[in-house]
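Worksheet for the structure shown next.
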Amino acid sequence: MHILENHSLKNYNTFGIDVKARYFVEIDSVKTLGDVLAVADQYPKIFVLSGGSNMLLTGDLNALVLFINIKGIEIVSQSEEHIRLKIMAGENWHAMVQWTLENNYGGLENMSLIPGNTGTAPIQNIGAYGVELKDRFVQCEAIHVATHEIRSFNKTDCAFGYRDSYFKNQGKGIYIITSVTLQLTKKKHVLNTSYGAIETELKAMKVAQPTIRDVARAVINIRQSKLPDPKVLGNSGSFFKNPVVTKEEFEVFSNSYPEAPFYEISEQSFKIPAGWLIEQCGFKGKRYGDAGVHEKQALVLVNYGNASGAEIMALATRIIKAVATKFGIAITPEVNVIGAL
Ligand code: EPU
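Numbering-wise, the sequence shown is residues 535 to 875 according to this note's numbering.
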């Protein structure tokens, strides 16, 4: 194990925020992870980082940063129609999705081009275009930070919700996910093209009988047209969650704003796109120094170069206040906001 000191994290978080880790170690196997945890009490605290795609770092970390970079994909079992893959935590999500498509395994195509690594996907139950991780999830393995024991979690244990799971709540800081097992189809793929934009894009692509690869292409086209590439413009995808309101709150809202888009989640709850609320407050495309709101998707905050985490957070706070004042609706960050440790 090679522990670096005062290591910049600029290249390890997709926002491109330049904070320093007092100590930093790259973890390339489950064994190394166990070895590092065994000496963790010699350090102020530990902090786990993988793809760095869902966090806003607002200060230096006086901690031992564990950069989870464990690679590998293994076939666990298969039948004629299904395959189960065990994917190690450090596998880049999109590269892994591309690999499944090249092998004609179906089920992840709608979640193409989501930034981040596979091990962090269950934490916030990533999702896009009508499909969430939980829909393909079989189990994950995680190491208990204090005892170093490996435990597996099934779908029920994970308590998945909208951008939410056990690992974001009671399990936070207690476990580090080392692998994720997913079940995909080998034939009779079930396409999910009901999300309006996918159908429109498939038509534009002149595809009448789409394959899983066509759906992935459509998703990639849509995402590239709206969402900034973190390699070009620092960002963390949707900065806020879409607020979920009660039927009563929704009725008040829609009487005033009948033109607003919404999704009915159940008879009693409605989801309102935060991107729409933020755009109505006039923030879309606005820039304050190097912190800004993306010009094509108001839900995405961006770093034009040298914004600090505090500057991005100040913009987020300004947006939260403006949305509360105009609509009486509270929006909350989807990304993990991490203060100085
Ligand atoms: N909208 C606006 N202005 C904007 C952005 C959106 O009016 O600036 C409106 C759109 O016109 C549309 C509605 O809001 O009517 C929804 O927009 P969109 O389809 O772009 O999806 P979203 O709700 O903003 C969610 C996820 C995305 C995911 C897309 C597609 C959350 C927090 N975000 O965004 O996930 O890719 O749906 O499924 O649920 C992410 O989590 O990082 C992420 C990118």
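Virtual Cβ for every residue (Gly too), placed ideally from N, Cα, C.
The structure displayed is predicted, hence computed values, not measured ones.
| query | result |
| --- | --- |
| Any non-hydrogen atom of the ligand EPU closer than 7 Å to residue 795 Cβ | yes |
| Through-space distance from residue 652 to residue 621, alpha-carbon basis | 7 Å |
| Given residue 709 as reference, the closest of 558, 717, 699 once Cα atoms are compared | 699 |
| The stretch 768–777 / the stretch 848–867 touching (three or more Cβ pairs under 8 Å) | yes |
| 3 or more residues per run - each beta strand (DSSP E) lying fully within the stretch 554–636 | 554–561, 580–583, 589–591, 595–602, 607–612, 616–622 |
| Opening and closing residue of the beta strand (DSSP E) in which residue 804 lies | 803–805 |
| Inter-stretch contact at 8 Å, needing at least 3 Cβ pairs: the stretch 542–558 / the stretch 662–669 | no |
| The ligand EPU heavy atom lying under 7 Å from the CB of residue 879 | The structure shown does not extend to residue 879, since the chain is modelled only from 535 to 875, so the question has no answer here. |
| For residue 698, three-class secondary structure by DSSP | strand |
| Limits of the beta strand (DSSP E) - the one that residue 711 falls within | 709–719 |
| Given residue 648 as reference, the closest of 705, 587, 606, 703 once Cα atoms are compared | 587 |
| Sequence-distant residues of the same chain with beta carbon closer than 6 Å to residue 813, five excluded per side | 832 |
| Any non-hydrogen atom of the ligand EPU within 7 Å of residue 697 CB | yes |
| The ligand EPU heavy atom lying under 7 Å from the CB of residue 668 | no |
| Chain B within 8 Å of residue 638, Cβ atoms only | No chain B appears in the structure shown, which is made up of a single protein chain. |
| Residue burial classification, residue 759 (beta-carbon count within 10 angstroms, cutoff 16) | exposed |
| Buried/exposed call for residue 547, threshold 16 Cβ in 10 Å | buried |
| Unbroken stretches of the alpha helix (DSSP H), 4 residues or longer, contained in the stretch 730–782 | 730–738, 746–760 |
| Distance between residue 791 and residue 819 (C-alpha atoms, nearest Å) | 22 Å |
| Heavy atom of the ligand EPU within 7 Å of residue 736 beta-carbon | no |
| Sufficient close CB pairs (3 or more, under 8 Å) joining the stretch 716–732 to the stretch 631–642 | yes |
| Cβ neighbours of residue 605 in the same chain (closer than 8 Å, five flanking residues each side left out) | 562, 622, 624, 625 |
| Selection from 603, 872, 745 that minimises the alpha carbon distance to residue 847 | 872 |
| For residue 669, the nearest candidate out of 676, 681, 655 (CA to CA) | 655 |
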